[in-house]
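A.B. asks: So the sequences go chain by chain: A and B.
Quick note: the first sequence, position 287, residue 287 per my numbering, numbers continuous.
Every position in the second sequence, counted from 1, becomes a number in my numbering once 310 is added.
Beta carbons are placed, not taken as given, at the ideal position from N, Cα and C, and that holds for glycine.
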Amino acid sequence: MGTDMGLRHAFVALLLVLAALPAQAQLRVFACEPEWAALVRDLAPDAQVTTATSYLQDPHYIEARPSLIAAMRRADIAVCTGASLEAGWLPTLLQRASNPDIQSGRPGLFFAAAHAQLHAPHDHVDRSMGDVHPEGNPHVHLAPDQLPEIARALAERLGAIEPEAAAAIQGRYIRWRSSWNRLRTEWRDKAEAIEGQSVVVQHSSFNYLLRWLGVEAAADLEPKPGLPPSASHLSRLLAEPGLGEASAILIASHQDPQPAEWLAEQTGLPVVVVPGTVTDEAPIETLGGLISEIIRQIESAVSGASNGGL
Amino acid sequence: MFNRVVPFVLVPLIGINAGVSANELNPDVSVTLDGYYKQNDTALSHREEGFGLGHTELSLSSPIDDLFSGRLTTVYEEHDGESDILVEEAYLQTNGLPAGLGVRAGRFLSQVGYLNGRHMHEDDFVERPAVYRALLGSHYYDTGVRLNAVLPTPFFWQVGAEAFSGDQLSEGDEDIGAYTLNTRVGGDLSVSQSWQAGLSWLHNRQVSAEHGEGEHEHEEEGGHDHSHGVSYTGENLYIADLVWKWSPNGNTREQQITLSGEYLYADDLNEFATSDDFHEGWYVSGVYQFAPQWSAGVRYGEVDLRKAHGDHFHSQSLEETDVMLSWSHSHFSTVRLQYTHQEATGFSEADNTVMVQYVMSLGAHGAHGY
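See the structure below:
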């Protein structure tokens with residue numbers, strides 16, 4: 001009897017706590033990847049942002065964990081890449097969270113890839129090609145020329161979700177845009193030094209940026225997109241004629257470094273490990289800072305390699 | 311020259327575009343191929359010895375409009391040389407009703423327990439734990455309706471209720487033969503660790519209505535039940551489940567450890583049952599995905615059952631240990647080697663066995679749950 005009353009009191013107290021919780025009027029954003037969380041913070045610094053993944057995680061392989069369902073349930077808008085990048089987990093999250101605002105086709109679900117021109121779309125896709133996205137390469141957050149359009153569309157969408165903040169968001173977008181243009185000019189200058197070089201990659205994570213820089217992807221450590229590097233594929237790579245021209249092996253922080261290190265031992269190429277997306281630490285907590293850092297690392301590896309070679 | 315070439319270039323382009331847009335309106339088709347070789351027959355098993363096909367599924371799913379989506383799953387099964395095609399799922403699901411509510415109606419897998427709501431091809435072992443095979447027929451699905459609510463709490467909290475015809479559990483005259491209540495909570499302990507716990511109650515109203523008279527069959531001692539129906543029932547089934555997952559930095563691609571366990575208890579077995587007559591069982595399972603393509607796992611489970619024979623019961627119990635190693639070349643193909651050790655009382659077919667299984671998925675591959 002006594003415990004019964006105790007339980008009832010505890011339950012009432014819990015209900016009161018819960019009732020008090022949703023009283024904040026802050027914009028709540030669910031970002032599928034850290035790059036979009038960073039962009040949202042640039043446009044709406046007051047927003048409460050939950051990020052589903054980190055730079056140490058492979059965004060293809062995230063689980064629809066309970067904490068993510070709860071965050072999606074409470075959010076006003078979800079900002080994701082799209083183009084099937086999150087096909088393994090986002091549909092489950094959307095269904096399980098049953099948030100009426102965040103469903104496909106509704107304004108609360110923003111896909112960055114829908115506002116970009118994707119490279120390498122496929123008319124025909126089958127699984128023997130590996131994990132190929134028919135829409136094209138979804139890793140569009142490192143495309144210097146595509147980001148402004150994505151940011152513009154995101155600013156417009158955030159403004160539509162929170163009309164009272166629309167003017168402020170638009171103002172921040174214009175400032176973001178001019179600083180992006182300035183950065184892009186800097187990157188262009190740096191690109192001259194590394195244009196025409198080639199690197200070995202693992203997956204198509206950096207392809208947009210490499211293409212923009214004029215750096216060629218000489219070979220891919222993955223035998224097929226999405227398949228982990230295998231011993232037989234790596235030894236086949238050694239015979240690849242393009243490998244001799246390559247000046248570095250570029251992989252992302254969330255990838256297992258062993259295959260790249262093995263190839264580095266065989267070839268003497270330097271391994272460059274860069275975050276595939278923004279991290280919590282300055283200066284790579286923004287997309288601009290991230291791209292600057294990736295270019296700096298490629299540049300130093302490439303110049304180091306050519307110095308060492310001479 | 312240019313003029314002559316252009317129309318021929320355009321024709322295939324137009325053709326491809328038309329094809330893509332029509333395809334997008336078609337439902338997603340997915341096929342799961344499940345085949346195995348099993349060295350010996352085992353107790354309470356749904357898989358016979360020798361070569362066999364397991365849970366071979368054909369599934370169609372699609373959004374219906376902006377409010378509904380739907381799914382149809384048919385399963386092909388073979389038992390004693392007879393083949394069956396069963397409809398396991400045929401349901402509509404709402405997308406985003408207000409207040410975090412979700413409704414599912416039609417035929418679907420009940421959400422009681424941790425494993426029951428999952429598709430069999432997502433499992434880490436060849437068969438479900440013994441207690442699931444005995445009390446839920448491996449996976450309990452039925453025709454009915456579900457209402458779920460995700461509460462707006464800072465952690466994950468879901469409550470749900472289901473009403474079913476109950477005919478997949480036991481025969482009876484009730485229109486609504488079974489009810490379930492379920493609640494689940496969960497969250498993250500750190501970047502690397504996440505957890506979920508659940509409590510479920512399955513109320514089978516047709517157990518008490520069932521009369522044991524006609525079922526006084528002693529001949530199938532230690533019965534090897536080939537049907538996928540539930541072989542042991544009770545008026546009330548309670549399930550508690552707990553799952554904990556760990557992966558370095560939360561990067562499940564490279565490595566992951568999954569520990570899960572469930573406890574099931576069923577009472578009020580029939581009109582002759584006393585308070586000493588109940589079914590009870592549990593399992594714990596640990597699976598370590600130590601490389602992107604490789605997993606190894608161990609599972610131990612027990613079940614204590616009371617088999618009805620007219621007005622009395624016979625005790626049966628089974629202890630089962632499974633060890634498995636699996637290799638997934640891609641996300642869509644898995645080959646598994648498993649050794650199962652059984653110790654039993656009241657089951658004549660308990661045995662140890664080696665199994666080799668493949669699970670291949672063709673076509674669309676739906677997103678997996680936690």
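Rounded to the nearest angstrom, what separates A:Val140 and B:Gln506 at their Cα positions?
C.D. replies: Taking C-alpha positions only, A:Val140 is separated from B:Gln506 by approximately 34 Å.
A.B. asks: Can you check which of these residues, B:Gly673, B:Ser640 and B:Gly571, is closest to B:Val597 by C-alpha distance?
C.D. replies: B:Gly571
A.B. asks: Just to confirm my understanding: we take B:Glu630, look at its own chain, exclude 5 residues before and 5 after, and list those with CB closer than 6 Å. What are they?
C.D. replies: Ala440, Gly611 and Gln652
A.B. asks: Express the C-alpha separation of B:Gln403 and B:Asp577 in angstroms, rounding to a whole number.
C.D. replies: In a straight line, the C-alpha of B:Asp577 is about 32 Å away from that of B:Gln403.
A.B. asks: So that I know if they touch, is there some Cβ in chain A lying closer than 8 Å to that of B:Tyr680?
C.D. replies: yes
A.B. asks: In the DSSP output, which residue or residues are listed as bridge partners for A:Cys80?
C.D. replies: A:Phe111
A.B. asks: Is the beta carbon of B:Phe466 sitting closer than 8 Å to the one on A:Ile77?
C.D. replies: No, the Cβ-Cβ distance between B:Phe466 and A:Ile77 is not below 8 Å.
A.B. asks: Thinking C-alpha only, which one of A:Gln103, A:Thr51, A:Gly288 and A:His60 is nearest A:Gln255?
C.D. replies: A:His60
A.B. asks: Could you work out which residue in A:Val200, A:Arg127, A:Ala71 and A:Asp220 is closest to B:Leu461 when comparing CA atoms only?
C.D. replies: A:Ala71
A.B. asks: Alpha carbons only, please: which of A:Ser178, A:Asp131, A:Val273 and A:Ile102 is nearest the one belonging to A:Val29?
C.D. replies: Looking from the CA of A:Val29, the closest CA among A:Ser178, A:Asp131, A:Val273 and A:Ile102 belongs to A:Ile102.
A.B. asks: Using DSSP's beta-bridge definition, name the partner residues of B:Gln626.
C.D. replies: B:Leu615
A.B. asks: State yes or no: is the C-beta of A:Ser67 within less than 8 Å of the C-beta of B:Ser502?
C.D. replies: no
A.B. asks: Residue range of the alpha helix (DSSP H) that A:Gly214 falls in?
C.D. replies: Segment: none, A:Gly214 is in no alpha helix (DSSP H) and carries neither H nor E.
A.B. asks: What are the boundary residues of the beta strand (DSSP E) that A:Glu135 is part of?
C.D. replies: Looking at the DSSP string, A:Glu135 is not in any beta strand (DSSP E), and its letter there is neither H nor E.
A.B. asks: List, in chain order, every chain A residue whose beta-carbon is nearer than 9 Å to that of B:Gly496.
C.D. replies: Within chain A, the C-beta atoms nearer than 9 Å to that of B:Gly496 come from Arg65, Pro66, Ser67, Ile69 and Ala70, in chain order.
A.B. asks: Consult DSSP for B:Gln506 and reduce its assignment to one of helix, strand or coil.
C.D. replies: B:Gln506 sits in a strand when the DSSP states are folded into three classes.
A.B. asks: Compare the beta carbon distance of A:Ile284 and A:Ile194 with 8 Å and say whether it is the shorter of the two.
C.D. replies: no
A.B. asks: Can you pull the chain C residues whose beta carbon is under 9 Å from the beta carbon of A:Asn99, in chain order?
C.D. replies: In the structure shown, chain C cannot be found, because the protein chains are A and B.
A.B. asks: Closest Cβ-Cβ distance between B:Val455 and chain A: below 8 Å?
C.D. replies: no
A.B. asks: Quick check: is any heavy atom of the ligand FAD less than 7 Å from the C-beta of A:Leu227?
C.D. replies: Only the bare structure without any ligand can be found here, which leaves the ligand FAD out of the picture.
A.B. asks: Report the rounded CA-to-CA distance for B:Asn458 versus B:Ser510, giving the unit in angstroms.
C.D. replies: Cα to Cα, B:Asn458 sits roughly 13 Å from B:Ser510.
A.B. asks: Distance, Cα to Cα, B:Ser557 vs A:Thr53?
C.D. replies: 13 Å
A.B. asks: Does B:Gln516 have its Cβ less than 8 Å from a Cβ in chain A?
C.D. replies: no
A.B. asks: Would you mind stating whether B:Asn350 and B:Asp661 have Cβ atoms separated by less than 8 Å?
C.D. replies: The answer is yes: Cβ separation under 8 Å.
A.B. asks: Using the three-state DSSP reduction, which class does B:Asp632 fall into: helix, strand or coil?
C.D. replies: strand
A.B. asks: Going by DSSP, what residues sit across from B:Leu491 in a beta bridge?
C.D. replies: B:Ala471 and B:Trp511
A.B. asks: Compute the Euclidean distance between the alpha carbons of B:Leu647 and A:Ala83, then round it to the nearest angstrom.
C.D. replies: 35 Å
A.B. asks: Please determine if the region 577-587 of chain B and the region 609-624 of chain B are in contact, where contact requires at least 3 C-beta pairs separated by less than 8 Å.
C.D. replies: yes
A.B. asks: Report the option in B:Arg381, B:Ala654 and B:Leu377 whose CA atom is closest to the CA atom of B:Glu367.
C.D. replies: B:Arg381
A.B. asks: Can you check the region 168-214 of chain A for any alpha helix (DSSP H) of at least 4 residues that lies completely inside it and give the ranges in chain order?
C.D. replies: 207-213
A.B. asks: If we count Cβ pairs, one from each stretch, closer than 8 Å, do we get three or more for the region 144-155 of chain A versus the region 201-214 of chain A?
C.D. replies: In short, these stretches touch, since the Cβ pair count reaches three.
A.B. asks: To the nearest angstrom, how far is it from the Cα of A:Cys32 to the Cα of A:Asn181?
C.D. replies: 26 Å
A.B. asks: Run through chain A and tell me which residues come within less than 8 Å of B:Arg563, C-beta to C-beta.
C.D. replies: Gln57, Asp58, His60, Tyr61 and His254
A.B. asks: Taking the C-alpha atoms as reference points, what is the distance between B:Glu484 and B:Met430?
C.D. replies: 29 Å
A.B. asks: Would you grab the beta carbon distance between A:Pro229 and A:Leu238 for me? Rounded to a whole angstrom, and I think it's under 8 Å.
C.D. replies: Contact flag wrong, Cβ pair sits at about 13 Å.
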